[in-house]
Each structure stands twice: as structure tokens, then as C-alpha cells.
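Protein chains: 2
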Amino acid sequence: MPSSLHVIGHQQPDTDTICSALAYARLKQAQGVDATPARAGEVNPETQFVLDRWDTESPSLLDDAAGEQLILVDHNEYSQAVSGAHDATIVEVVDHHRIGDIETSDPIYFRNEPVGSTATILTQLYEEANKTIDAQTAGLLLSGLLSDTVVLRSPTTTDQDRSIADHLADIAGVDIEKYGKELLQQKSKIGEKSPREMVLSDFKEFEFESHQVGIGQVETVEPEVVLEQREAVLAAMDDVATERNYTVFLLLVTDLLKEESTALIAGTQIDTVEDGLDTTFTEQEAFLPGVMSRKKQVVPPLEDAFN
Amino acid sequence: MPSSLHVIGHQQPDTDTICSALAYARLKQAQGVDATPARAGEVNPETQFVLDRWDTESPSLLDDAAGEQLILVDHNEYSQAVSGAHDATIVEVVDHHRIGDIETSDPIYFRNEPVGSTATILTQLYEEANKTIDAQTAGLLLSGLLSDTVVLRSPTTTDQDRSIADHLADIAGVDIEKYGKELLQQKSKIGEKSPREMVLSDFKEFEFESHQVGIGQVETVEPEVVLEQREAVLAAMDDVATERNYTVFLLLVTDLLKEESTALIAGTQIDTVEDGLDTTFTEQEAFLPGVMSRKKQVVPPLEDAFN
Ligand SMILES: [Mn+2]
Ligand SMILES: [Mn+2]
Chain F
27 MPSSLHVIGH QQPDTDTICS ALAYARLKQA QGVDATPARA GEVNPETQFV LDRWDTESPS
87 LLDDAAGEQL ILVDHNEYSQ AVSGAHDATI VEVVDHHRIG DIETSDPIYF RNEPVGSTAT
147 ILTQLYEEAN KTIDAQTAGL LLSGLLSDTV VLRSPTTTDQ DRSIADHLAD IAGVDIEKYG
207 KELLQQKSKI GEKSPREMVL SDFKEFEFES HQVGIGQVET VEPEVVLEQR EAVLAAMDDV
267 ATERNYTVFL LLVTDLLKEE STALIAGTQI DTVEDGLDTT FTEQEAFLPG VMSRKKQVVP
327 PLEDAFN
Chain Y
27 MPSSLHVIGH QQPDTDTICS ALAYARLKQA QGVDATPARA GEVNPETQFV LDRWDTESPS
87 LLDDAAGEQL ILVDHNEYSQ AVSGAHDATI VEVVDHHRIG DIETSDPIYF RNEPVGSTAT
147 ILTQLYEEAN KTIDAQTAGL LLSGLLSDTV VLRSPTTTDQ DRSIADHLAD IAGVDIEKYG
207 KELLQQKSKI GEKSPREMVL SDFKEFEFES HQVGIGQVET VEPEVVLEQR EAVLAAMDDV
267 ATERNYTVFL LLVTDLLKEE STALIAGTQI DTVEDGLDTT FTEQEAFLPG VMSRKKQVVP
327 PLEDAFN
């Protein structure tokens, strides 16, 4: 069977990952390249809301990428990629995270920018390619951008994100604050989940030196819904850490309105995390004022602390 | 001492590396960023010709990058970077090679494109930033582009390289073929070197699995000048392979006019190289018809063969 070309985001897909896969596959198709959007896991409720709102079918699930050709969007490390990615050919990368462990034999297009979302970069790629963005695609890209930047409130937000969001909102015909509020409400439907679903719903795995470290995040306007179930949540984190042999499992419960997080922790090297985040855990819990971004405020200091 | 921001290319700098460092530092300065061009080794005679022709000072030598901030141009692997790079902060990458082993803690700008030169990408970056390119900078960028693509004859050359070369030649006020011929003549001044200088003048080191592999290239219009000294050249290669513990040292003697290479080899795993390049070495020598590009035609199959 000849290999196909898939545009695919990270495991535990979020809205930016799914919408970026859809939008970039469309751009490739407009350029005459036979690329199909794919996903590496279940669509979360926020993303399902976005797909319904913009009348778009979900990308199909790719459960084994071995032997395939992949365009990676919204991630660039193997630990976050679809299974089989090590035995796939990576032909392109478009992302906005730290530079990870992808290596290739051939020169490829690799575009990473320190902006708030992959959707922001894809909007530029449409412009550079001189291709128009239709209202539906603009709605998807805007959703990815607003979801990742918490409606332009996250410290990862750049001026570029702000001006591109305005442009996309114009094309899509929506009001950023009004549509953004609808999105945030979807993010907050966390209370309907089991503790295990809760801690794994937005979850990323990192390798810091020889340590496997899991970092989950619950972004919500009602953090108390999670924190009231503290013991059950910590038990679920302990289970996951043991099953997967994590040195540390850190969960950020982020209050989207107060722009602060409460961290819960399981695992063994808690003092290393305390050093990295400059905090103290009391009964596996610490308060992190001003912390909203896993990528920008948590991953870099933890990586330094483990090295 | 506070760290400074250096724009720097690979060791054994070639014309694309030096001119890219100069041109990107100028763009950064035009954008209000305090960046200085630097180099990781001696300027070769072709590059010195270019600097003289465009009345430009050589970037200054950086012999230890530890503690500094680096923008890498024209490479993205530590084995080719200035010494101390492992203890520097990589803040940006602009390149046109395979994706290497650079990892970062923070999201950074990383732009790699499968085009003929880094100068090609930098010309686009000037355009995207809406900054004009003056005649001197255009001359430098054109030199990098024409040097890396062997005056648009290498199989790495893309349509983008061709149209950007036309644009740069217009600004610089030179004729591509005429100026290109002057450049090629500089590349050919290989006969004035000792065998050791010859095999190391355009040289890159790779790590394929656990094997250190050195690949040198002599691009010339007079390959016989090198091949007549076969025994002395092979002895120099043997010395380098032993000193540096290389599994293999491969030297490509590339005939720029006939668009073909003769490969010389030293080291131990010759059969792996034969597999990779689909050839047979007789008395440490093999003929490679159509092979002009180390990056595109030699590195990928060798990496596959060693894996
Ligand atoms: Mn994202
Ligand atoms: Mn180059």
C-alpha cells in the first residue's frame, strides 16, 4: 500500500491541533497537494463544539502512522506524536512550542514561531501563498487561536496573534469577545468528567534528561469543581504516574478569570519541581499566582531544574 | 559580563554561512535588535573574494560561545556549531539542511526550508519584514545563493532560488552567469592547498547512530588537480580519521562542469557506505555520476545505511 500524506497534531488533541490540521490540509489541497487532515486521539468537548459551530467534519483518527508521511502541526516532539511516528516520514512541521527531538535525513520545511497558536502561523502561510481564507476556515483558525490564548489573555499572546485574530474574526463574521466567551464555557465543562478523564484531558508528556514527566492542565472558570475532588484527583494522578513510570505528574488547575493556577503533584522528585517553580508543595498542592501557560511558565523552568 | 547576541553559521564556514550571518545581523539591526555577525572559523578564499568584491568586513571570530545568545544560520546541529554552543542559548535558527539535534526549553523562531541556500530564505525574511535590501547586502546574499547552488546548477536548486537570484542580481547590478563564473574560479583554487587543507576545507561531521562520519567536498572545475595527488590525499584522510575516531571519512571530489563526483574513502565501514551510495569502492575510490550535493544525494542515503 503506498503511503499517504496526513496533516496531524498532537495526542490528546486540543482545538488548536484539530483546527490547524484541518486548515493546513485545506491549504495544501488548494496548492494541489493530496493531503488529508488526521487526529491522534479523541476530540474533546470544546473542539466538538467548534466543529459543530463551523459545520465541519472531524478529521479521521490515525491510530498507527508507521510507514506514512506526516506533516506535524502544533507539536514537534515524538513523545507527543501519534503512535508509529518514529517509523513515519516527517515531511513538514508547523508549530509554536519549544524545539523538540524531531530529526530528519532530508531538508524539510520546519516553521516554528514563538506566537500564541499554530493557527496564527497558518493564517500567515495562507497569506504568503496568496490563498484566500473562506469564512469556515477563518472560524476554525480563530477557534484554535482563541482557545490556545484563552481569548488573547494568556501571557503567550503576541501582537501578531491580536492582529491576526481581528482579521480572522472579520472574515468569519463573529465578535471575538462574544465568541470567545462561548468557547471558554465549553472549556469549563470539566465537572462532567471522572477524575481520571479530568487529569488526562489536556495532558502532555515530556522527557527531561532521563525522567518522564507528565503535565496536565485543567483550564476552567470554576477551579473549585476540580479542587473539591482533591483526594480522588490525586488518586487518579498516582495511578497514572505508577502505570506509566513517571518521575512526576503535575496537574495545573488554571483559573481563567483570576489568571492563576493551583498545582497538584504526584510522583517522587517533588523537590526538583519545587526548585524549578520556586514554590513549596504542602500536602501535594501549591499555589502559582500569575501562572496560566504550561508551555511558557512551567515547561522551561522544569526542564532546567531536571537538567 | 552580560551575554551578547551573535548571528553565526557553521564551522568551516562557506560563503552562504558568512554572507547569511552578515545579512541577517543587518536585518535584525534594521528591526532594532542589537545583533552582531560572527564566524566559527577561518574565512575561505572564495568568501574572502566575495567580501572584497562587496567591500564588506569579515564577521569577527567567536571562539567560545558558552554563555552567549546565538542565532544559528545555515546549520542546525551541534556537531557543526561553534564550540561552546551546547552551553549557549539558541534563540533562533534559519537554515536549509536536514533537521538536526537542536532542542530548546522555550519556543523560538525556527525556519528551515528545502531550498538551495540560507541566503534564499533570508531574502524572503527581508521581504516579509518589509525592509529594503541595499546593493551591498544583495551582492552578499546573491554570493551565498550562487555559491551553494553552484550558480543554480546543483540539484538542490529550486524555482524559488532562481527567481530570488534574479531579484538579487537586479539590486546588486551584476549578471548572474558572469559573476557566477568569477565565483566558480575562486572555488577552484584548490591546487594551492596542502592535502590536509584540501580534505578539510569544506568539511562536515555527522553522527549516524553511534558512528562519527566525516564528509568533505572539493568542488572544482579541475578535479585532476586533486586526484593526481591521490596517495597524499588518502594519507591525510587516514590521519584525520584516526585522530578524530571517525568510522568513515568520505571525500567527494566534485566536477562542477561535468556535474559528477569521484569519492575517496578512509575508515572501517566501507561496505556500509557502498550499500548507502549503491556503488563499489576499488582501491578506496568510486565514481558517482550525477552526484553534486552532499546534503541531498549523500547524507540521506548514508544516514539510512548506518541506521
Ligand atoms: Mn497550540
Ligand atoms: Mn548553505
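Residue numbers (my numbering), protein chains in the order written: chain F, 27 to 333; chain Y, 27 to 333.
C-beta: ideal position from N, C-alpha, C; glycine also.
Computed from a predicted structure; not experimentally measured.
Partners in chain Y for residue 152 (chain F), counting only beta-carbon separations shorter than 8 Å: Residues of chain Y passing the Cβ test: none, with the nearest at roughly 14 Å.
Would you mind sorting residue 268 (chain F) into buried or exposed? The rule is 16 or more other CB atoms within 10 Å of its CB. exposed
Identify the continuous alpha helix (DSSP H) that holds residue 253 (chain F) and give its terminal residues. 249 to 253
Can you tell me whether residue 259 (chain F) is buried or exposed? The criterion is at least 16 other CB atoms within 10 Å of its CB, across all chains shown. buried
Which class does residue 144 (chain F) belong to by DSSP, given the choice of helix, strand or coil? helix
For the candidate residues Y:159, Y:248, Y:236 and Y:44, whose alpha-carbon lies nearest to that of residue 274 (chain Y)? Among Y:159, Y:248, Y:236 and Y:44, the Cα nearest to that of residue 274 (chain Y) belongs to Y:236.
Counting only the same chain and skipping the five closest in sequence on each side, list residues whose C-beta sits under 8 Å from that of residue 57 (chain Y). 155 and 157
So the beta strand (DSSP E) residue 237 (chain Y) belongs to, where does it begin and stop? 237 to 246
Contacts around residue 316 (chain F), its chain only, beta-carbon distance under 7 Å, and the 5 residues preceding and following it disregarded: Only 285 and 286 meet the Cβ criterion.
Less than 7 Å between the CB of residue 334 (chain Y) and some heavy atom of ligand 1, yes or no? Because chain Y in this structure spans residues 27 to 333, residue 334 (chain Y) falls outside the shown range and cannot be described.
Around the Cβ of residue 283 (chain F), are there at least 16 other Cβ atoms within 10 angstroms (buried) or fewer (exposed)? exposed
I'd like to confirm something about residue 220 (chain Y): is its beta-carbon nearer than 7 Å to some heavy atom of ligand 2, or not? no
Write down the C-beta distance between residue 328 (chain Y) and residue 302 (chain Y) rounded to the nearest angstrom, noting that I regard them as a contact closer than 8 Å. Under the criterion of beta carbons closer than 8 Å, residue 328 (chain Y) and residue 302 (chain Y) qualify as touching, at roughly 4 Å.
Could you check where the alpha helix (DSSP H) with residue 166 (chain F) kicks off and where it finishes? Start and end: 161 to 174.
For a quick check, are the C-beta atoms of residue 100 (chain F) and residue 36 (chain F) less than 8 Å apart? yes
For residue 126 (chain F) and chain Y, any beta-carbon pair shorter than 8 Å? yes
On the three-state DSSP scale, how would you describe residue 154 (chain Y)? It is helical.
Whose C-alpha, out of Y:318, Y:184 and Y:294, is nearest the C-alpha of residue 307 (chain Y)? Y:294
Min CB distance residue 43 (chain F) to chain Y below 8 Å: No, because no Cβ of chain Y sits closer than 8 Å to the Cβ of residue 43 (chain F).
Count the other CB atoms within 10 Å of the CB of residue 333 (chain F); is the residue buried (16 or more) or exposed (fewer)? exposed
Let me check you understand the geometry: is the CB of residue 180 (chain F) closer than 7 Å to at least one non-hydrogen atom of ligand 1? no
Under 7 Å by beta carbon: chain Y residues contacting residue 326 (chain F): Under the 7 Å cutoff, chain Y gives 131 and 132.
In angstroms with no decimal places, state the Cα-to-Cα distance between residue 410 (chain Y) and residue 311 (chain Y). Shown here, chain Y extends from 27 to 333; a query on residue 410 (chain Y) therefore has no answer.
Answer with yes or no whether the minimum CB distance from residue 334 (chain F) to chain Y is below 8 Å. Chain F is shown from 27 up to 333; residue 334 (chain F) falls before or after that span and cannot be answered.
Between residue 187 (chain F) and residue 141 (chain F), is the Cβ-Cβ spacing less than 8 Å? yes
Identify whether residue 179 (chain F) lies in helix, strand or coil by the three-state DSSP scheme. coil
In whole angstroms, give me the CA-to-CA distance for residue 325 (chain Y) and residue 106 (chain Y). In this structure, the CA atom of residue 325 (chain Y) is about 14 Å from the CA atom of residue 106 (chain Y).
Find the nearest neighbour of residue 193 (chain F) within the set F:239, F:153, F:266 and F:218, judged by alpha-carbon distance. Of F:239, F:153, F:266 and F:218, the smallest CA-CA separation from residue 193 (chain F) is found for F:153.
Residues that DSSP places opposite residue 280 (chain Y) in a beta bridge: Y:245 and Y:287
Relative to the C-alpha of residue 2 (chain Y), which residue among Y:111, Y:250 and Y:102 is closest? In the structure displayed, chain Y extends from 27 to 333; residue 2 (chain Y) sits before or after that span and is not available.
So, does the stretch 47 to 65 of chain F touch the stretch 123 to 141 of chain F, judging by three or more C-beta pairs under 8 Å? no
I want to verify the contact list: residues of chain F whose CB lies under 8 Å from the CB of residue 123 (chain Y), in sequence order. 133
Out of F:198, F:149, F:213 and F:171, which one is the CA nearest neighbour of residue 70 (chain F)? With distances taken between CA atoms, residue 70 (chain F) lies nearest to F:213 out of F:198, F:149, F:213 and F:171.
Less than 7 Å between the CB of residue 193 (chain Y) and some heavy atom of ligand 1, yes or no? No, ligand 1 has no heavy atom inside 7 Å of this Cβ.
Segment contact, 8 Å Cβ cut-off, at least three pairs: the stretch 196 to 206 of chain Y with the stretch 227 to 243 of chain Y: no
When every heavy atom of ligand 2 is checked, does at least one fall within less than 7 Å of the C-beta of residue 143 (chain Y)? yes
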